[in-house]
Amino acid sequence: MLIAVVSGFVFSLAVPLLHRTVRNVTDWLVVLLPFSLFIYFSFLTQPIAAGGVLSSSHAWAPSVGVNLSFVLDGLSLLFAILISGIGALVFLYSSGYFKGHSGLGRFYAYLLIFMASMLGLVLSDNVIALFIFWELTSLSSYLLIGFDHERSSARSAARQALLVTSVGGLALLAGLLLLGEAGGSFELSQLLREREAIRSHRFYVPIVVLIMVAAFTKSAQFPFHFWLPNAMEAPAPVSTYLHSATMVKAGIYLLARLSPVLGGARIWQGTIVVVGAITMLIGACLAIKETDIKRILAYSTVSILGVLTFLLGLGTRAAVEAAVAYLFIHALYKAGLFLVAGIIDHETGIRDVTRLSGLARIMPVTALAAAVAGLSMAGLPPLFGFIGKELLYTATLQAPLANSILTAAVLLTSALLVAVAGIVSLGPFIGRTMTLSEKHGGVPLTMTAGPVVLAGLGLLIGLLPNLVAGRIVSSAVGAVLAQPAAIKLALLHGLTVQLGLSGLTFALGVTAYLRRDALRRAVSRFDLGTALGPAKGYSLTLDGMTALARLQTRILQSGHLHIYLFIILAVTVGLVGSWLVRYYGLMRLEGWADIRFYEFLTALVIVAATIVIVRASSRLFSVVALGVVGYSMGIIYIIFGAPDLAMTQFSIDTLTVILLLLVLYRLPRYARYSTTLERLRDAAIALAVGVLVTGLTLAATAVPPISQISSYFAENSYLLAKGRNVVNVILVDFRAFDTLGEITVLAVAAIGVYSLMKLRGNGSDG
Amino acid sequence: MTSLILSTATTYLLPLLLLLSVYLLLHGHDVPGGGFVGGVVAAAAFALYAIAHGVEEARRVLHTHPRTLIGLGLLTALLSGVIAFVSNEPFLKGLWTTVTLPVEWKLGTPTLFDVGVYLVVVGVTLMIIFSVAED
Chain A
1097 MLIAVVSGFV
1107 FSLAVPLLHR
1117 TVRNVTDWLV
1127 VLLPFSLFIY
1137 FSFLTQPIAA
1147 GGVLSSSHAW
1157 APSVGVNLSF
1167 VLDGLSLLFA
1177 ILISGIGALV
1187 FLYSSGYFKG
1197 HSGLGRFYAY
1207 LLIFMASMLG
1217 LVLSDNVIAL
1227 FIFWELTSLS
1237 SYLLIGFDHE
1247 RSSARSAARQ
1257 ALLVTSVGGL
1267 ALLAGLLLLG
1277 EAGGSFELSQ
1287 LLREREAIRS
1297 HRFYVPIVVL
1307 IMVAAFTKSA
1317 QFPFHFWLPN
1327 AMEAPAPVST
1337 YLHSATMVKA
1347 GIYLLARLSP
1357 VLGGARIWQG
1367 TIVVVGAITM
1377 LIGACLAIKE
1387 TDIKRILAYS
1397 TVSILGVLTF
1407 LLGLGTRAAV
1417 EAAVAYLFIH
1427 ALYKAGLFLV
1437 AGIIDHETGI
1447 RDVTRLSGLA
1457 RIMPVTALAA
1467 AVAGLSMAGL
1477 PPLFGFIGKE
1487 LLYTATLQAP
1497 LANSILTAAV
1507 LLTSALLVAV
1517 AGIVSLGPFI
1527 GRTMTLSEKH
1537 GGVPLTMTAG
1547 PVVLAGLGLL
1557 IGLLPNLVAG
1567 RIVSSAVGAV
1577 LAQPAAIKLA
1587 LLHGLTVQLG
1597 LSGLTFALGV
1607 TAYLRRDALR
1617 RAVSRFDLGT
1627 ALGPAKGYSL
1637 TLDGMTALAR
1647 LQTRILQSGH
1657 LHIYLFIILA
1667 VTVGLVGSWL
1677 VRYYGLMRLE
1687 GWADIRFYEF
1697 LTALVIVAAT
1707 IVIVRASSRL
1717 FSVVALGVVG
1727 YSMGIIYIIF
1737 GAPDLAMTQF
1747 SIDTLTVILL
1757 LLVLYRLPRY
1767 ARYSTTLERL
1777 RDAAIALAVG
1787 VLVTGLTLAA
1797 TAVPPISQIS
1807 SYFAENSYLL
1817 AKGRNVVNVI
1827 LVDFRAFDTL
1837 GEITVLAVAA
1847 IGVYSLMKLR
1857 GNGSDG
Chain B
55 MTSLILSTAT
65 TYLLPLLLLL
75 SVYLLLHGHD
85 VPGGGFVGGV
95 VAAAAFALYA
105 IAHGVEEARR
115 VLHTHPRTLI
125 GLGLLTALLS
135 GVIAFVSNEP
145 FLKGLWTTVT
155 LPVEWKLGTP
165 TLFDVGVYLV
175 VVGVTLMIIF
185 SVAED
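Residue numbers (the numbering used here), protein chains in the order written: chain A, 1097 to 1862; chain B, 55 to 189.
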């Protein structure tokens, strides 16, 4: 399973290069990877359905309990199949959608990173690894929404999605750390066994709140729903893949995954039901209001995500069955409809549903696929969507309390979604044929394949539901309930209440569709979203933070290097110095007699050279004297047996002198710029720093070392790390992680210097 | 800045200094030296060459842009950690093997890590020096 996750990351590194060299082959290679993963996971349905669980574990940072451990159970498998299967279709679609686009290699790379992270997320058993993959999906979503980075609306939508989901990401990390603390492990399989202890733990409420914030931001639940419609700035393949089929369901996945551990309490079930119900109603209403086909679909996705959340909150067996089936159904039809929306946009350049009509004659295959997907969305037999709707009503009718209110809410939502299905999948294709400005050459096969396959599957599963009932749905439900479940799905159950409700839904939906313009006006009139909604709150927060940053910058950042140095040094002397005096009092210097002649001489040279630096009449003198100071320091290192330090000191000093010589003749005339008073102040602070460092050194050498770390290094350097040079062994082996961080900082600093030197004066405000 | 002595000297000094830097790099594990010092020495060699022959010429001798070295170095250091990782050991754990060339030579992932440090240091230093000198 490690290979299944890592292959995407590795491949994403190679793809931009491949795309530049062997363009045509790359299009097929990127489809091949998700497709082979899809085949692999499909073959695993049999053993998983038989009750097996596949797991593998690789040590990552075992000392802190972080491992790359993967577990494949029913729930993970359902997601893995969706991720890889829809992934394959989306990659295929992208090759047609972006034909001839120069950034296609980069696009493939981002999409592969996303696919791999999403697979990692649903397969991880270790919650910290899960968190890392979770953040990686947010990051790749950011890159993909902002793919067309030259448009400012794409950039701000990308930033909004990133900020909202990363608030959730931080909450998730905190929640998972607390969970690990409460359960004594970071492995989900372990936590499941500790559920009693976790539920009675004092961290239980904070854990629940934090996890819910994470899930609600990721899955665009109220009041965080606003980022998803804005994310429609992304190209159609991205909206299909991330923002309908997979990533936005990560929050649902998290709730489902953790409900055996955290579920059962009123705070968990109650909050999730209420938030889910609000989200599904708001989403459906806002979907009616929009006219942009992608935003309509986005709001209907928000609504369905609300339904899923709501069902998980109910938590009964029937509700979980409905949630799992609905998740599957929604992925099929919504991905199909998004791909169709992309085709319409790609071919006509229009996304406004009020201006689209009669496209069925221009793109008949697409129209057929859209119609079938739309019927599934509307929940008509014999499609998979109908089965889902029946399950949904079963769940609300059997709800432990307030079942009539819940059923009414679901009825209203579903009826609105029937109207939405009509608006997006029927409206653009019927009526008077549009005249397209450009000559139309037919939709490429790569692009129609996706919608056709997805719509076809919706129909096939509707007719033969037990293709997936036993193999996929049962094991997923079993994983959420943490007990085996055997589910039979059937298209028709005879004359039941559910059937009646479905009929009513459809009748209401059709009425709403026919009076859609009046409905749109009515919803717009009651729209408070733009004036008072959470989106407004988001922009206010963002503006507030920018204003605050500007204010404090104006106060603290004068722009004079001189003043910065003064503040930093004065604060250091004040804080460290007062502490030093408090703990050690005033130190007496002893042992003057131990100083040997050449030590004294070297020190004298340093002091003399320092005076020359300060008093020199030309800059060249100062530079040379600075070199003298550096080399004398090197000599001191040699005297005290630190050849490594001495060598580094020598070479660094040589470089410094070279660097100074390079800039020397570019600097302004060497003259006095400051008043005597300022010079005295600077001298005082310089002296204070000198005294402080001396004091610190004395204090550090006066106390006996608390830890035995240096002797450990000295003793084990050769035994464990096969090196006789302890300094080097510490750098590249014992403390290699630190060194890795340091060289990364070094690289970043170099980029900073480079951009300061090269890009100076090009920007408007630096 | 054209000085015949300096330019003739650096032509011979450059390979010698580079040899010294590689020596420092490879022997750093047992005697004083290592990737950092080695990298600084190599960078100083190129800087000297740039002073004597001009930055254009130094860039030509280097063959590649310093930023490529930085990226390559970071990747190398990362790779040395990943090697341990794929052998089911913690990230960055040192793994050693002995290669018997004419002389016996121990080879390990820390050496590779040090090579990464070396490349980053050379790249960073030269990127700064070249851009300062060209400006």
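Virtual Cβ for every residue (Gly too), placed ideally from N, Cα, C.
{"Asked": "Where A/HIS1442 falls: helix, strand or coil (DSSP)", "Found": "helix"}
{"Asked": "Best match in A/ARG1616, A/SER1813 and A/LEU1423 for proximity to A/ILE1886 [C-alpha to C-alpha]", "Found": "An answer regarding residue 1886 of chain A cannot be provided, because it is not within the stretch 1097 to 1862 covered by chain A."}
{"Asked": "Selected residue, minimal CA-CA separation from A/CYS1381, among A/MET1853, A/ALA1515, A/GLY1445 and A/THR1412", "Found": "A/ALA1515"}
{"Asked": "Under 8 Å from the C-beta of A/SER1132: neighbouring residues of chain B", "Found": "The contacting residues do not exist; A/SER1132 stays about 21 Å from chain B at best."}
{"Asked": "Contact belief for A/GLY1242 with A/ALA1254 at Cβ below 8 Å, rounded distance in angstroms", "Found": "3 Å"}
{"Asked": "Strand pairing of A/VAL1167, partner residues [DSSP]", "Found": "A/SER1151"}
{"Asked": "Buried/exposed call for A/TYR1727, threshold 16 Cβ in 10 Å", "Found": "buried"}
{"Asked": "Cross-strand partners of B/GLY162 (DSSP beta bridge)", "Found": "B/TRP150"}
{"Asked": "Residue range of the unbroken alpha helix (DSSP H) whose run includes A/LYS1818", "Found": "Note, A/LYS1818: premise wrong, no alpha helix (DSSP H); not H, not E."}
{"Asked": "Rounded straight-line distance, which links the Cα of A/THR1642 to that of A/LEU1636", "Found": "10 Å"}
{"Asked": "Closest residue to A/LEU1351 among A/ALA1293, A/VAL1127, A/GLU1292 and A/ALA1419 (Cα-Cα distance)", "Found": "A/ALA1419"}
{"Asked": "Option nearest A/ALA1581 by Cα separation, candidates A/PHE1406, A/ALA1145 and A/LEU1408", "Found": "A/ALA1145"}
{"Asked": "Beta-carbon proximity of A/ALA1817 to B/GLY148, cut-off 8 Å", "Found": "yes"}
{"Asked": "Stretch pair the region 1560-1580 of chain A + the region 1409-1418 of chain A: three plus CB contacts closer than 8 Å", "Found": "yes"}
{"Asked": "Under 9 Å (Cβ pairs) to chain A, residues found in the region 129-155 of chain B", "Found": "ALA131, LEU132, SER134, GLY135, PHE139, VAL140, ASN142, GLU143, PRO144, PHE145, LEU146, LYS147, GLY148 and TRP150"}
{"Asked": "Pair within 8 Å by beta-carbon distance, A/LEU1338 and A/SER1237", "Found": "yes"}
{"Asked": "C-alpha distance - A/TYR1766 paired with A/ALA1782, whole-angstrom precision", "Found": "21 Å"}
{"Asked": "Cβ-Cβ distance between A/VAL1719 and A/LEU1757 below 8 Å", "Found": "yes"}
{"Asked": "Short Cβ contact (8 Å threshold) for A/ARG1116 with A/GLY1183", "Found": "no"}
{"Asked": "Chain-ordered chain A contacts of B/THR179 [CB-CB under 7 Å]", "Found": "LEU1751"}
{"Asked": "Chain-ordered neighbours of A/ARG1820 on chain B, where CB pairs are closer than 8 Å", "Found": "HIS83, ASP84 and VAL85"}
{"Asked": "Chain B within 8 Å of A/ASP1829, Cβ atoms only", "Found": "yes"}
{"Asked": "Under 8 Å (Cβ pairs) to chain B, residues found in the region 1128-1160 of chain A", "Found": "HIS1154, ALA1155, TRP1156, ALA1157, PRO1158 and SER1159"}
{"Asked": "Inside the region 1770-1811 of chain A only - alpha helix (DSSP H) runs reaching at least 4 residues", "Found": "1772-1798"}
{"Asked": "Pair within 8 Å by beta-carbon distance, A/ALA1431 and A/THR1542", "Found": "no"}
{"Asked": "Per DSSP, cross-strand counterpart(s) of A/GLU1283", "Found": "A/ASN1222"}
{"Asked": "Backbone CA spacing between A/GLY1359 and A/VAL1468 [nearest angstrom]", "Found": "37 Å"}
{"Asked": "Backbone CA spacing between A/ASP1749 and A/GLY1723 [nearest angstrom]", "Found": "6 Å"}
{"Asked": "6 Å Cβ shell around A/ILE1303 - same chain, five flanking residues per side excluded", "Found": "GLY1271, LEU1274 and LEU1275"}
{"Asked": "Cβ-Cβ separation, A/LEU1587 to A/PHE1482 (assumed contact under 8 Å), whole Å", "Found": "7 Å"}
{"Asked": "Option nearest A/GLU1277 by Cα separation, candidates A/GLU1290, A/LEU1266 and A/GLY1265", "Found": "A/GLU1290"}
{"Asked": "C-alpha distance - A/GLY1862 paired with A/THR1544, whole-angstrom precision", "Found": "Bear in mind that a pLDDT of 36 at A/GLY1862, under 50, signals an unreliable position, so the number given afterwards is only what the model happens to contain. Taking the straight line joining both Cα atoms gives about 48 Å."}
{"Asked": "C-beta contact flag for A/LEU1208 and A/VAL1111 at 8 Å", "Found": "yes"}
{"Asked": "Test: A/LEU1235 CB closer than 8 Å to a CB of chain B", "Found": "no"}
{"Asked": "Cutoff 8 Å: A/LEU1113 Cβ touching any chain B Cβ", "Found": "no"}
{"Asked": "Three-way DSSP call (helix, strand, coil) for A/VAL1449 in this model", "Found": "coil"}
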